[in-house]
Amino acid sequence: MALGIRVFEFLPKEGTPYPFVVMGDTHLLPQATKTHLYGRCTTTLHLWADPNNRKQVSDMIGNIMAEASRIKQIERTQWSMIISESDSQILKDNSTSESLYHGLLHLYFRFL
2 MALGIRVFEF LPKEGTPYPF VVMGDTHLLP QATKTHLYGR CTTTLHLWAD
52 PNNRKQVSDM IGNIMAEASR IKQIERTQWS MIISESDSQI LKDNSTSESL
102 YHGLLHLYFR FL
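Residue numbering for the sequence shown follows this note's numbering, beginning at 2 and increasing consecutively.
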């Protein structure tokens, strides 16, 4: 996605400036026919911002959801986001020495 948001596979080193996104878990529920594989997929994204920027997390969630909803094909597989099942939360997080906003974004897709 070309949103200008830094994305990491794992939590970055302490001191990494906010905001950033960390890829969370992905869960596949495949079903097979004789000739095709289809099913559902969910992935979780964790968004982090400093405590003075709740709106930034909210805007990042909205922008990522809008961009993800445009995904129609990856390689030879057709994808469609299930917008009605995708959801988000914004939590106050005090697991570090500074308070943060932690956004959770759960994206659900169908693939054919």
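Quick reminder that beta carbons are idealized off the backbone N, C-alpha and C, glycines included.
Coil, strand or helix - I65 by DSSP: Counted from its first residue, the sequence shown places residue 65 at position 64. Reduced to three states, the DSSP call for I65 is helix.
Going by other Cβ atoms of all chains shown within 10 Å of its Cβ, with 16 needed for buried, is F117 buried or exposed? Residue 117 falls outside the range modelled here, since the chain spans only 2 to 113, and no answer is possible.
From the DSSP output, in three-state form, read off R111 for me. Position 110 of the sequence shown, counting from 1, holds the residue named residue 111. Here R111 sits in strand by DSSP.
In DSSP terms, what H47 is bridged to: Along the sequence shown, one-based indexing puts residue 47 at 46. According to the DSSP secondary-structure assignment, H47 is paired through a beta bridge with V23 and L105.
Could you give the first and the last residue of the continuous beta strand (DSSP E) run that contains S81? As a position in the sequence shown, residue 81 is number 80, starting the count at 1. It spans T78 to M82 - the beta strand (DSSP E) in which S81 sits, taken as one unbroken run.
Taking the Cβ atom as the reference point for each residue, do I91 and Y102 lie within a distance shorter than 8 Å? Position 90 of the sequence shown holds residue 91. Position 101 of the sequence shown holds residue 102. Yes, the pair counts as a contact, with Cβ atoms nearer than the cut-off.
Going by beta carbon distance, what residues of the same chain come within less than 7 Å of G40, once the five residues before and after it are set aside? Taking the first residue of the sequence shown as position 1, residue 40 is located at position 39. Correct list, in chain order: L29, L30, P31, Q32 and F112.
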